[in-house]
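Following: one structure in structure tokens, then a few remarks.
In our numbering, the protein residues as written are 23 to 603.
Right under this line is the structure:
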């Protein structure tokens, strides 16, 4: 448990530094003061009089760790001076910037995004050596390679932000503080990439090319998203269908995806190898090999860590061990990049893995006991299927739904139904699809044969998603969800979860006196929830803006329905209609 609280204290310190600005030396000085206080109190009568402090002396060190986290956050902030490229933002003239591609290009229909590690900037007086990274948007239809040295010309700007989305914060989490929206690019000789990743990215490009040779679209783009995290080829309508049905984790290499898939592969390897620990080890190796193969970018590495944490927690079988490991992994990621804590992908990965640690085993045990009560036959196979395809997803979704409602202002009710239909075939899609693409590099006809077999499973995935996307009221569109409500929900949920045994004991001791009141309150609560749910469903829109022209006697009228479902009747000249003629 000390590891858990130390990790959480350090993470809390990072958050504190984002709210209260002090220089790194000031935070470090405060931490030093608490450290001296710790040495002073360690052998004092104050500690010996308090049994909790005597039993857990590390508690006194938690403020030290907290303020060290704050100091580290400030220490890692970039110094924007004449030697940092962001110093030259928002000039009225074009700049010449030289750098190398820090990652493979992001190809889009109308443009290509290039992330450059900057070497020099020319403001008109020759090249000046600078550091930092920039994001450059160049015209499409030009191919680039990782590590290639490029010189770009254009206006360098501070990344934009608005009330709905801060592109500035999004890029800052990737170490990018400057943005060139319309640039001219010129290739230069030499390479500035990591020699280890050059062949990896080259292999990834070849695998992507073969993916589109083996499969037709949209199945090819689905495989590209599942296997390599490249989902830009999917049609916008299909991407929206995955989002609406709560199955978008399928087409992105995320912690949510890998945590569930890692659990499924653990079951497969455990059955094949007849050894639980060996199966877990092979699954961990598979996850990291997969992360390395698809490029090893921070999002993929984070997802791999989270997926392996879920495997470790299940293997150890102790919730405390899983929570300690999860908190420590979050600490490592924050040490690599403190701004990771504000990344939506990290938050979803962390919460999904926490859900698996806290709820997978209790949900599985409850399912097994429930099925055992319903039938006297051997239900081991049924329980295993239900656990792998439903319970794992439910355990992860319990923790991710509130944060998704906060960021995306919608809740997908249909996801609880859609995921059990889709997840069972995903191991086949990943394993057989990946095998088909890899084998095609060496023996194309054999890879094509495997592709014909697995194509049906990918097509099934798409058809199921499209089917559930058409279910009415499958998505509840919300307004702005306040942050305090999300924090309060998680605090209440964790308080109940971590103290469930005590709560059960209290209810049992007081059952005779409160049973009638509790049952009445429960029925009232269920009824109220049903009324609220159906009211929200009736009022919720389908996420689209509708304008309906009506005949209203001698005048025309227009009925406007917002994406949230609110209706606004107006006459043709713009006046709002009265409710009763």
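Built from N, CA and C at the ideal position, the CB exists for glycine as well.
Buried or exposed (CB count within 10 angstroms, at least 16 for buried), residue i
{"i": "residue 297", "result": "exposed"}
{"i": "residue 360", "result": "buried"}
{"i": "residue 419", "result": "buried"}
{"i": "residue 132", "result": "exposed"}
{"i": "residue 510", "result": "exposed"}
{"i": "residue 99", "result": "exposed"}
{"i": "residue 529", "result": "Reliability of the predicted coordinates at residue 529 is poor, the pLDDT of 46 falling under 50, and the value obtained from them is presented with this limitation in mind. When all chains shown are included, residue 529 counts as exposed."}
{"i": "residue 293", "result": "exposed"}
{"i": "residue 464", "result": "exposed"}
{"i": "residue 184", "result": "exposed"}
{"i": "residue 542", "result": "Low per-residue confidence applies at residue 542: pLDDT is 49, beneath 50, and the placement is therefore not dependable, though the value from the model is reported in the following sentence. Residue 542 comes out exposed."}
{"i": "residue 299", "result": "exposed"}
{"i": "residue 264", "result": "buried"}
{"i": "residue 165", "result": "exposed"}
{"i": "residue 101", "result": "exposed"}
{"i": "residue 287", "result": "buried"}
{"i": "residue 130", "result": "exposed"}
{"i": "residue 358", "result": "exposed"}
{"i": "residue 362", "result": "buried"}
{"i": "residue 182", "result": "exposed"}
{"i": "residue 147", "result": "exposed"}
{"i": "residue 158", "result": "buried"}
{"i": "residue 94", "result": "buried"}
{"i": "residue 92", "result": "buried"}
Three-way DSSP call (helix, strand, coil) for residue i in this model
{"i": "residue 493", "result": "coil"}
{"i": "residue 202", "result": "strand"}
{"i": "residue 212", "result": "strand"}
{"i": "residue 502", "result": "coil"}
{"i": "residue 46", "result": "helix"}
{"i": "residue 191", "result": "helix"}
{"i": "residue 436", "result": "coil"}
{"i": "residue 384", "result": "helix"}
{"i": "residue 149", "result": "strand"}
{"i": "residue 239", "result": "coil"}
{"i": "residue 538", "result": "Low confidence applies here, because residue 538 scores a pLDDT of 47, under 50, leaving its location unreliable; read the following figure in that light. Residue 538 falls in the helix class under three-state DSSP."}
{"i": "residue 274", "result": "coil"}
{"i": "residue 144", "result": "strand"}
{"i": "residue 227", "result": "helix"}
{"i": "residue 183", "result": "strand"}
{"i": "residue 562", "result": "Low confidence applies to residue 562: its pLDDT is 49, below 50, so where it sits in the model is not reliable, and the reading given next is rough at best. It is coil, neither helix nor strand."}
{"i": "residue 24", "result": "helix"}
{"i": "residue 471", "result": "helix"}
{"i": "residue 464", "result": "coil"}
{"i": "residue 247", "result": "helix"}
{"i": "residue 218", "result": "coil"}
Opposing strand residues paired with residue i [DSSP bridges]
{"i": "residue 135", "result": "128, 159"}
{"i": "residue 122", "result": "139, 171"}
{"i": "residue 117", "result": "176"}
{"i": "residue 207", "result": "174"}
{"i": "residue 106", "result": "153"}
Separation of residue j from residue i, as counted between CA atoms
{"i": "residue 350", "j": "residue 25", "result": "7 Å"}
{"i": "residue 54", "j": "residue 195", "result": "29 Å"}
{"i": "residue 137", "j": "residue 127", "result": "7 Å"}
{"i": "residue 480", "j": "residue 426", "result": "26 Å"}
{"i": "residue 111", "j": "residue 457", "result": "47 Å"}
{"i": "residue 235", "j": "residue 461", "result": "13 Å"}
{"i": "residue 210", "j": "residue 141", "result": "12 Å"}
{"i": "residue 238", "j": "residue 270", "result": "20 Å"}
{"i": "residue 532", "j": "residue 251", "result": "Interpretation of residue 532 is limited by its pLDDT of 47, a score under 50 that renders its predicted location unreliable; no figure is taken from the coordinates."}
{"i": "residue 370", "j": "residue 472", "result": "34 Å"}
{"i": "residue 33", "j": "residue 356", "result": "7 Å"}
{"i": "residue 227", "j": "residue 168", "result": "10 Å"}
{"i": "residue 82", "j": "residue 380", "result": "28 Å"}
{"i": "residue 105", "j": "residue 41", "result": "27 Å"}
{"i": "residue 268", "j": "residue 436", "result": "7 Å"}
{"i": "residue 160", "j": "residue 212", "result": "20 Å"}
{"i": "residue 373", "j": "residue 445", "result": "19 Å"}
{"i": "residue 486", "j": "residue 155", "result": "42 Å"}
{"i": "residue 31", "j": "residue 514", "result": "20 Å"}
{"i": "residue 378", "j": "residue 193", "result": "30 Å"}
{"i": "residue 478", "j": "residue 415", "result": "23 Å"}
Residue-level contact to chain C via CB, residue i, 8 Å cutoff
{"i": "residue 367", "result": "Judged by its chain identifiers, the structure shown contains no chain C, having just a single protein chain."}
(message) Suppose only complete runs of 4+ residues qualify. What are the alpha helix (DSSP H) ranges in the stretch 338–373, listed by chain order?
(response) 341–358
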